[in-house]
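For reference, the structure is listed below as structure tokens.
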């Protein structure tokens, strides 16, 4: 089955965005390790790796808007909502645990990692469900 045009665009956009992320993250780490910037430049360099991650959310949003197959679009929206619920629930609980001194501080950028993991889990769970539904 050929890939839908919107999925091709999504794949290209995601590849470009993640390539920028790898470059920004590597560059920022090397810069801070070997010649740490200071002042406003330090803030700018530290935020650089976050920009492509923000871009991934835009790429996913564009896919939702461009997706012509309403069933697949609905699945993507549902998976995104579940991933958001998982992320917000986990980070809220962690925040309370941290606030009461029961766990160590967790860097905020892990929230995006958790969201993407939740999205991946939903996609895999849906694939398994669809597989078993097709066999029945």
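Numbering (my numbering), first residue to last: 146 to 281. All C-beta atoms, glycine included, are put in the ideal place defined by N, C-alpha and C.
Alpha helix (DSSP H) segment containing residue 150, residue limits: For the purposes of this step, residue 150 is taken as residue 5 along the chain shown, with counting starting at 1. That run of the alpha helix (DSSP H) goes 150-179.
Nearest to residue 154 (by Cα), restricted to the options 185, 201, 269 and 281: For the purposes of this step, residue 154 is identified with residue 9 of the chain shown, where counting begins at 1. For residue 154, the nearest C-alpha among the options comes from 201.
Residue 156 burial status per 10 Å Cβ neighbour count (16 or more: buried): Here the question's residue 156 lines up with position 11 in the chain shown. Under this definition residue 156 is an exposed residue.
First and last residue of the uninterrupted alpha helix (DSSP H) at residue 238: In the chain shown, residue 238 corresponds to position 93, counting from 1. 215-244 is the extent of the alpha helix (DSSP H) around residue 238.
Where residue 226 falls, given that 16 or more other Cβ within 10 Å makes a residue buried: Position 81 of the chain shown holds residue 226. When all chains shown are included, residue 226 counts as exposed.
Where the alpha helix (DSSP H) containing residue 206 begins and where it ends: Residue mapping note: residue 206 aligns to position 61 of the chain shown, counting from 1. Note, residue 206: alpha helix (DSSP H), 195-211.
Sequence-distant residues of its chain with Cβ nearer than 6 Å to residue 248 (five each side left out): The sequence position of residue 248 within the chain shown is 103, counting from 1. Contacts found: 242.
Whether residue 268 touches residue 224 by CB criterion (8 Å): The residue given as residue 268 occupies position 123 in the chain shown. The residue given as residue 224 occupies position 79 in the chain shown. Yes. Within cutoff.
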